[in-house]
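Residue numbers (the working numbering): 1 to 139. The C-beta atom is built at its ideal place from N, Cα and C for all residues, glycine as well.
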Amino acid sequence: MVFAQVLSQIIKEETSPTQLNFRRRLLNHTFNAYSRNILIGPDAYRLENILYNRFNPITKAFDTGWIYNAAAGTIDTVSDSVADRWHGRAGPLPNKPTCGFRGDSCPENMITGSTLGVLIAACLLLPLTLAFTFFRASR
Numbered sequence: 001m002v003f004a005q006v007l008s009q010i011i012k013e014e015t016s017p018t019q020l021n022f023r024r025r026l027l028n029h030t031f032n033a034y035s036r037n038i039l040i041g042p043d044a045y046r047l048e049n050i051l052y053n054r055f056n057p058i059t060k061a062f063d064t065g066w067i068y069n070a071a072a073g074t075i076d077t078v079s080d081s082v083a084d085r086w087h088g089r090a091g092p093l094p095n096k097p098t099c100g101f102r103g104d105s106c107p108e109n110m111i112t113g114s115t116l117g118v119l120i121a122a123c124l125l126l127p128l129t130l131a132f133t134f135f136r137a138s139r
């Protein structure tokens with residue numbers, strides 16, 4: 001459809017439908033389609049706006065919170081009430097893990113639990129390793 005619009009424009013202007021004329025009218029041009037506008041960028045890729053939606057449990061539908069404007073390269077907020085909706089939370093997820101990025105902020109009970117897990121695993125693997133070694137030696 002986009003190519004047909006460009007070709008129609010070239011024919012209306014009564015210019016030569018060469019590759020250069022065709023490319024000149026195709027790139028960096030916004031085409032009006034039935035469903036939405038289509039922008040062809042300078043590198044011949046299609047640039048489309050992207051809608052970011054959040055689920056609304058009351059209406060059982062998705063509400064648009066943000067729109068990525070492909071031509072400008074920006075994200076625009078459509079609705080603050082949708083953008084600030086966090087189901088089951090007071091805000092977004094924290095940017096820092098529970099134990100920190102290096103494990104230095106772990107609560108004391110988590111360190112004890114992980115140490116206990118390593119010790120139990122070692123106690124289970126040691127007899128298995130010894131049994132396997134004894135079995136191989138006896139053959």
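For residue i, which residues does DSSP report across the bridge?
i: I120; result: None; I120 has no bridge partner.
i: L51; result: I67
i: N56; result: A61
For the beta strand (DSSP E) that contains residue i, what are its first and last residues?
i: A72; result: Looking at the DSSP string, A72 is not in any beta strand (DSSP E), and its letter there is neither H nor E.
Check residue i in the structure and name its three-state DSSP category.
i: A61; result: strand
i: F101; result: coil
i: R46; result: strand
i: R136; result: helix
i: T77; result: strand
i: K96; result: coil
i: P107; result: coil
i: A90; result: coil
i: T115; result: helix
i: S16; result: coil
Heavy atom of the ligand MG less than 8 angstroms from the Cβ of residue i, yes or no?
i: P107; result: This structure lacks the ligand MG; in fact it carries no ligand of any kind.
Spell out whether any CB of chain B is found under 9 angstroms from the CB atom of residue i.
i: A71; result: Considering every chain present, this structure includes no chain B. It has just one protein chain.
Discussion item. I want to know whether the stretch 48-67 touches the stretch 81-91 - three or more CB-CB distances under 8 angstroms.
Written reply: yes
Discussion item. Below 8 angstroms, how does it come out for the stretch 67-79 and the stretch 37-55: are there three or more Cβ pairs, yes or no?
Written reply: yes
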